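In the numbering used here, the protein residues as written are 4 to 124.
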C-alpha cells in the first residue's frame, strides 16, 4: 500500500501531466495549500523560470485581509495580487495547476479572484 505522501505526489504529477498533454504553450499558475498559508506561482515551463510568486504570508499582503492566512478571504486577496503581478510581467493567459487538491474552497477562491482581476485560464 502506498503512503499518504506517495498518493499525494501521484495526484500532483497526474495533474501536471494532463496540463502538458493539453499542449497549451502558456505559463502555469501553480497553487500550493498548506495548513497555515496559501502559495501561488506563475511558472514558465518552456524556459524553466518562475515569473511571479506570492504567498498569504508575504509582506506585500500584510494587513489586506482580516482573517488568518489560511482563510478563503486571504485566498481571494492572493488571487487578485498574483494576477496583477503576472499581468505587469506580460502574462495574460495561464493554465491553472491546482496540484493534488480538488477545485474547492481556498483553491477555488484564488482561481475566481485571479479571473476577476483579468487573468485568463
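Where is the CB? At the ideal position from N, CA and C, for every residue including glycine.
Note that the structure is predicted; figures quoted are calculated from it, not measured.
Measure from the C-beta of residue i to each C-beta in chain B and report whether the shortest distance is under 8 Å.
{"i": "residue 39", "result": "Structure shown: chain B not included; a single protein chain is present."}
Go to residue i, then tell me how far its alpha helix (DSSP H) extends in each direction, as first and last residue.
{"i": "residue 52", "result": "Element bounds for residue 52: not the alpha helix (DSSP H) but the beta strand (DSSP E), 52 to 58."}
{"i": "residue 117", "result": "109 to 119"}
{"i": "residue 18", "result": "7 to 24"}
{"i": "residue 90", "result": "75 to 91"}
List the DSSP bridge partners of residue i.
{"i": "residue 49", "result": "Note: residue 49 sits in no beta bridge, so no partner."}
{"i": "residue 41", "result": "36"}
{"i": "residue 31", "result": "46 and 98"}
{"i": "residue 123", "result": "96"}
For the beta strand (DSSP E) that residue i lies in, which residues bound it at each end?
{"i": "residue 99", "result": "98 to 100"}
Figure out for me which residue from the options has the closest Cα to the Cα of residue i.
{"i": "residue 47", "options": "117, 74, 89 and 24", "result": "89"}
For this session: Decide if the region 28 to 37 is in contact with the region 83 to 101; the criterion is three or more beta carbon pairs, one per stretch, under 8 Å apart.
Result: By the Cβ criterion, the region 28 to 37 is in contact with the region 83 to 101, since at least three pairs of Cβ atoms, one from each stretch, lie closer than 8 Å.
For this session: Specify whether the region 62 to 71 and the region 103 to 114 touch according to this definition: at least 3 beta carbon pairs, one from each stretch, less than 8 Å apart.
Result: No, because fewer than three Cβ pairs between the region 62 to 71 and the region 103 to 114 fall closer than 8 Å, the two stretches do not touch.
Exercise. Is the region 5 to 21 in contact with the region 75 to 87, if contact means three or more CB pairs nearer than 8 Å?
Worked result: Output reads no: the region 75 to 87 does not touch the region 5 to 21.
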